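Asks:
Numbering (UniProt numbering), first residue to last: 1 to 627.
Dropping the structure here:
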């Protein structure tokens, strides 16, 4: 166990990031446990403690009497300096156990720009980077999350990748490890991994070898063991009402990014926005009933003391019985000063009545995501909303007393022109003018936030070569010249960071050596603007002989094998190609939630169905094309 000394810990920012002991944290004696797992989040504590996935799996495993689940986050720069100076290894928050002494070290892959933090955490833990250099005296390194659907750039570092939703198969994995451990690991690490590969949803990278053409293009994945399936299919939870959900989440002692109770309304989205990887990965839609959600809310508030409930999902305003749910929550907590909040809203699903209700306790600005400035571009990306929708929503909001609106957009989308970019400024001015017309006042505020589009695997734009950083910077500055009103705030993301994200989002295993080189050059916390260094990254590519443009900017051929083809989210390639063609024609694809099937292949492939709670409390199982 690591001993923390207040004499030096007081010299780092926010010592509570590293001390543990938070309300609802679980401490178990490892001597009494059959299996130990440490969940590693490759970012700072405040970000990690806002992540729902870790909250679910941490609580789920700690419900098992023979498992101890703990947490570790990436130490901030000052803490890392102190730890290295004193030869203190990376340790868990609960028992201060060095991470190398756990059976599993499980990383969450939320963002490609956290990969160097994973390497840094392994190094601080005294754990070799490459899986081939680790025996069973080290923990099994596992990984899951959205980036797992193209884990290839870090595949050589990871023993097991969990594809899809993990509530069921993380338990299966722990059970198998428990059995093998009790038997003395008769097949050694390789034998254990071969058995792990047979658990549906588990990808064991060491059992696969990427093949390349003489030209250097990826041509396929060679399977090295009969236990390893040629394609790994994602896991999902079909019944959200009866699956585990944490009602005693850990409550931090310091402010974190999202410090509130979280209700997950449903999983999946069938809107089909073509830029959105998540909308493809998490299909089909599976809702929780409002009665179940209210019960969960009551337990979470009682166990945490939070005064805010966030209604979370990919598109929360699409929850079938949102008005009823909000009424139920407001009634339940009306005397307890507990507020309800919604994330950014789809304009066409916006209801001012709901907004009024959820902001009775504390009022804030409204956030909408038009995503593109022109109707043509919104049709290209299948956003399915119009300028009229935005104006109608803002009209209702301003008449009801709101003065502040945030608008989210993307830049660098396929087929985008300067006219489309100028449309972003036009919309912002129209919203601001609308506020003045309705209220007669000049105190309206519009915030325009523009991100740099990154093509992702398993989306209709996975074949699209990203626009150059220079072109994005030009467009960012062009838009800046069009916004000259102090009541409109304009924020945009760094183009170089988006470029690096694209490299690893569409990369292959050859990038592992670049990651190590970048880490050696000092790259850490690359998602933080103040620490990101494009010069160091470009030097790392030069030192390892890799052209980053090959991954980020190259258009892929539709028939070209892709490094992530063996990692199956069950949306067919044929459907993604069809969506690409419809994007070129600016043709909309309907939401299949209550309309005929669009043929994406998810429901029949998984032999499951959309679960939709409609009026009257009746569960509708939409079963188009089921096997």
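Beta carbons are placed, not taken as given, at the ideal position from N, Cα and C, and that holds for glycine.
Values in this document were obtained by computation on a predicted structure and should not be read as measured data.
1) Rounded to whole angstroms, how far is the Cβ of residue 385 from the Cβ of residue 397, which I believe are closer than 8 Å?
2) Determine the direct distance from the alpha carbon of residue 198 to that of residue 161, and round the result to whole angstroms.
3) Could you tell me if residue 254 is buried or exposed, where buried requires 16 or more neighbouring beta carbons within 10 angstroms of its beta carbon?
4) Looking at residue 443 and the ligand GTP, is the gap between the Cβ and the nearest heavy atom below 8 Å?
5) Given that a residue counts as buried once 16 or more other Cβ atoms are within 10 Å of its Cβ, and exposed if not, what is residue 242?
6) Can you look up residue 408 in the DSSP assignment and give me helix, strand or coil?
7) Whole-angstrom Cβ separation of residue 332 and residue 377, contact assumed at under 8 Å?
8) Residue 373: buried (16+ other C-beta within 10 angstroms of its C-beta) or exposed?
9) Check whether the stretch 473 to 493 and the stretch 515 to 525 are in contact - that is, three or more C-beta pairs closer than 8 Å.
10) Between 489, 532, 422, which has its C-alpha nearest residue 499's C-alpha?
11) Can you name, in chain order, every residue of its own chain whose Cβ lies under 7 Å from the Cβ of residue 68, other than the five neighbours on each side?
12) Is residue 310 buried or exposed, if buried means 16 or more other CB atoms sit within 10 Å of its CB?
13) I'd like to check one pair, residue 275 with residue 411: are the Cβ atoms closer than 9 Å?
14) Could you tell me which of 585, 447, 595 sits nearest to residue 491, measuring between CA atoms?
15) Measuring CB to CB, does residue 488 end up less than 9 Å from residue 450?
16) From this set, 177, 437, 561, 74, which residue's C-alpha is nearest residue 103's C-alpha?
17) Under the rule that 16 or more other beta-carbon atoms within 10 Å means buried, what is residue 564, buried or exposed?
18) By DSSP's criteria, residue 23 is part of a beta bridge. Which residues make up the other side?
19) Per DSSP, residue 447 is paired with what?
20) So the beta strand (DSSP E) residue 38 belongs to, where does it begin and stop?
21) So is residue 202 buried or exposed if we call it buried at 16+ other beta carbons inside 10 Å?
22) Could you tell me which residues DSSP puts in a beta bridge with residue 142?
23) If residue 231 and residue 566 are in contact, beta carbons under 8 Å, what's the gap, nearest whole angstrom?
24) For residue 234, is the classification buried or exposed, using 16 other Cβ atoms within 10 angstroms of its Cβ as the cut-off for buried?
25) If I follow the unbroken beta strand (DSSP E) through residue 603, where does it start and stop?
26) Since residue 24 and residue 256 should fall inside the 8 Å C-beta cutoff, what is the C-beta to C-beta distance between them, to a whole number of angstroms?
27) At what residue ranges does the stretch 215 to 265 contain a whole run of the beta strand (DSSP E), taking only runs of 3 or more?
28) Give the range of the beta strand (DSSP E) segment to which residue 367 is assigned.
29) Where are the beta strand (DSSP E) runs, 3 residues long or more, that stay fully inside the stretch 307 to 353, in chain order?
30) List the DSSP bridge partners of residue 72.
31) Expressed to the nearest angstrom, what Euclidean distance is found between the alpha-carbon atoms of residue 115 and residue 537?
32) Using 8 Å for Cβ pairs, my map puts residue 569 next to residue 173. What's the rounded Cβ distance?
33) Can you give the Cα-Cα distance for residue 534 and residue 518, rounded to whole angstroms?
34) Smallest Cα separation from residue 211: which of 204, 8, 223?
35) Tell me whether residue 13 sits in a helix, a strand or coil according to DSSP, three-state version.
36) Please specify which runs of the alpha helix (DSSP H), each continuous and at least 4 residues long, are wholly inside the stretch 150 to 194, giving them in chain order.
Replies: The answer reads as follows:
1) The Cβ separation is near 15 Å, so there is no contact.
2) Answer to the nearest angstrom: the Cα atoms are 12 Å apart.
3) exposed
4) Among the ligands in the structure shown, none appear at all, so the ligand GTP cannot be discussed.
5) exposed
6) strand
7) The pair is not a contact, with the Cβ atoms about 42 Å apart (cut-off 8 Å).
8) buried
9) no
10) 532
11) 28, 30, 33, 36
12) buried
13) no
14) Residue 447 is the option with its Cα nearest to residue 491.
15) no
16) 177
17) buried
18) Bridge partners of residue 23: 251.
19) 406, 489
20) 35 to 41
21) buried
22) Paired residues: 106, 160.
23) 5 Å
24) buried
25) Run containing residue 603: none in the beta strand (DSSP E); it sits in the alpha helix (DSSP H), 602 to 606.
26) 14 Å between Cβ atoms; not a contact.
27) Entirely contained in the stretch 215 to 265, the beta strand (DSSP E) runs reaching 3 residues are, in chain order, 218 to 223, 261 to 264.
28) In the DSSP assignment, residue 367 falls within the unbroken beta strand (DSSP E) covering 366 to 371.
29) 308 to 312, 339 to 341
30) 40
31) Straight through space, the alpha carbons of residue 537 and residue 115 are spaced by roughly 13 Å.
32) About 20 Å separates the two Cβ atoms, so there is no contact after all.
33) 10 Å
34) If we check each option's Cα against that of residue 211, 223 comes out closest.
35) Coil, per DSSP.
36) For secondary structure counted as the alpha helix (DSSP H) over 4 or more consecutive residues, the stretch 150 to 194 holds these complete runs in sequence order: 169 to 182.
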